[in-house]
Amino acid sequence: MKIYRKLRPEFMKAAGELFAEAFEDKLRFFLGPKEVMKKVIPYLIDKEQVLSIVSDTNELIGIAGFSYEQKNMFSINIKAMVRQYGLIQGLYKMFQLGIYFPNSFPVTHLYIDAITIKADYRGKGYIRLLFQELEKVAFEKGTTNLQLDVSCDNAPAIRAYRKMGFYELKSETLDSSTASRIGISRVNRMIKILDLRNPTFCHQYGIINRNF
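Residue numbering for the sequence shown follows this note's numbering, starting at 138 and increasing by one per position.
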């Protein structure tokens with residue numbers, strides 16, 4: 138098993154398929170049905186913003202896309218969007234993606250756009266390996282924390298993130314327009330402070346570390 142800091146070209150198609158399977162409901166409004174997503178997503182992925190985990194048999198097991206400063210997992214490709222949807226629909230979909238999935242984040246944190254493991258490999262610790270690698274990337278960039286959003290209805294994911302050291306930072310009810318498009322009505326913003334020995338960070342987010 139190997140973890141790569143960027144998505145290798147030979148895995149772009151597999152990554153598109155994996156992403157479409159995992160996030161079909163969230164992206165259907167923007168990119169169409171799953172089979173269409175699988176075709177277009179490989180052209181939208183910024184391989185520099187995606188970690189990948191690959192089996193010893195060279196099978197893509199999982200991916201983790203992240204945003205930092207002005208870059209995120211998706212880098213909208215005009216040619217790909219127009220080729221897939223036509224000029225008018227392609228430009229409209231790009232506009233919609235820009236509204237609902239902004240790609241500018243504070244330099245103080247690394248935001249996890251998406252993380253998923255292939256169904257056959259779930260529950261075997263691979264997701265934790267991806268999170269550990271994301272922490273290394275964040276440290277190297279000098280950021281103070283990891284952040285992600287998760288549906289308030291996704292109790293298993295919330296429990297899993299808590300076990301990995303994440304805390305709920307805030308909860309937000311989405312407006313009806315956004316909720317109808319991504320299929321989620323309420324989200325939790327969760328955060329993991331990367332250096333819990335620093336009391337300033339913990340105080341800022343109301344986290345108490347009794348080991349101080």
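We treat Cβ as the ideally placed atom computed from N, Cα and C, and that holds for glycine. Note that the structure is a prediction, hence the values are computed from the model and not measured.
Considering only residues of the same chain and omitting the five flanking positions on each side of GLY320, which have a CB-CB separation below 7 Å?
As a working mapping, residue 320 is identified with position 183 in the sequence shown. Result list for GLY320: ASP162 and LYS163, in chain order.
Measure how close the beta-carbons of LEU331 and ALA251 come, nearest whole angstrom, since I'm counting them as under 8 Å.
Start at 1 with the first residue of the sequence shown, and residue 331 comes out as number 194. Start at 1 with the first residue of the sequence shown, and residue 251 comes out as number 114. Between the beta-carbon of LEU331 and that of ALA251 there is about 20 Å, and that puts the pair past the 8 Å contact cut.
I need the DSSP call for MET210, collapsed to helix, strand or coil.
Against the sequence shown, residue 210 aligns to sequence position 73. Residue state for MET210 is assigned as coil, using DSSP reduced to three classes.
Just to confirm, are THR194 and HIS246 a CB contact at a threshold of 8 Å?
Counting from 1 along the sequence shown, the entry for residue 194 is found at position 57. Counting from 1 along the sequence shown, the entry for residue 246 is found at position 109. No.
Alpha carbon to alpha carbon, how far is SER317 from THR253? Give it in angstroms, no decimals.
To locate residue 253, count along the sequence shown from 1; it is residue 116. To locate residue 317, count along the sequence shown from 1; it is residue 180. THR253 and SER317 have their C-alpha atoms roughly 23 Å apart.
List the endpoints of the continuous alpha helix (DSSP H) containing LEU164.
Translated into the one-based positions of the sequence shown, residue 164 becomes position 27. Looking at the DSSP string, the run of the alpha helix (DSSP H) that includes LEU164 is 161-168.
Who does ARG299 pair with in a DSSP beta bridge?
Position 162 of the sequence shown, counted from the start, is the residue given in the question as residue 299. In the DSSP output, where bridge partners are listed per residue, ARG299 has none listed.
Tell me where the alpha helix (DSSP H) around ALA256 begins and ends.
As a working note, residue 256 is residue 119 in the sequence shown. ALA256: not part of any alpha helix (DSSP H); DSSP gives it neither H nor E.
Where LEU228 and MET218 are concerned, what is the direct C-alpha to C-alpha distance, given to the nearest angstrom?
Taking the sequence shown and counting its residues from 1, the one referred to as residue 228 is at position 91. Taking the sequence shown and counting its residues from 1, the one referred to as residue 218 is at position 81. If you take the alpha carbons of LEU228 and MET218, they lie about 7 Å apart.
Just the Cα atoms here: how many angstroms apart are LYS150 and LYS176?
Position 13 of the sequence shown holds residue 150. Position 39 of the sequence shown holds residue 176. Roughly 8 Å separates the two Cα atoms.
Helix, strand or coil: how does DSSP classify MET138 here?
Looking up residue 138 in the sequence shown gives position 1. When secondary structure is reduced to three states using DSSP, MET138 falls in the coil class, being assigned neither helix nor strand.
How long is the line joining the alpha carbons of LEU271 and ARG142, rounded to whole angstroms?
Mapped onto the sequence shown, residue 271 falls at position 134. Mapped onto the sequence shown, residue 142 falls at position 5. If you take the alpha carbons of LEU271 and ARG142, they lie about 9 Å apart.
Those runs of the beta strand (DSSP E) which lie wholly inside the region 189-236 and span at least 3 residues
Entirely contained in the region 189-236, the beta strand (DSSP E) runs reaching 3 residues are, in chain order, 197-204.
Is ILE321 helix, strand or coil when you go by DSSP?
Within the sequence shown, numbered from 1, the residue matching residue 321 stands at position 184. ILE321 falls in the coil class under three-state DSSP.
Coarse secondary structure for LYS143, derived from DSSP in three states:
Residue numbering aside, residue 143 sits at position 6 when the sequence shown is read from its first letter. Three-state result, LYS143: coil.
Cβ atoms of ILE178 and VAL187: under 8 Å apart, would you say?
Within the sequence shown, numbered from 1, the residue matching residue 187 stands at position 50. Within the sequence shown, numbered from 1, the residue matching residue 178 stands at position 41. It is not a contact, given that the beta carbons lie outside the stated cut-off.
Of the listed residues LYS184, TYR180 and SER308, nearest to LEU144 (C-alpha basis)
Walking along the sequence shown from the start, residue 144 turns up at place 7. Selected option, being the one with the closest Cα: LYS184.
Tell me whether GLY235 is buried or exposed, calling it buried when 16 or more other Cβ atoms sit within 10 Å of its Cβ.
Locating residue 235 in the sequence shown gives position 98, counting from the first residue. So GLY235 ends up on the exposed side.
Determine the burial state of GLY90: buried for a count of at least 16 other Cβ atoms within 10 Å of its Cβ, exposed for fewer.
Since the displayed the chain opens at 138 and closes at 349, residue 90 lies outside it and no answer follows.
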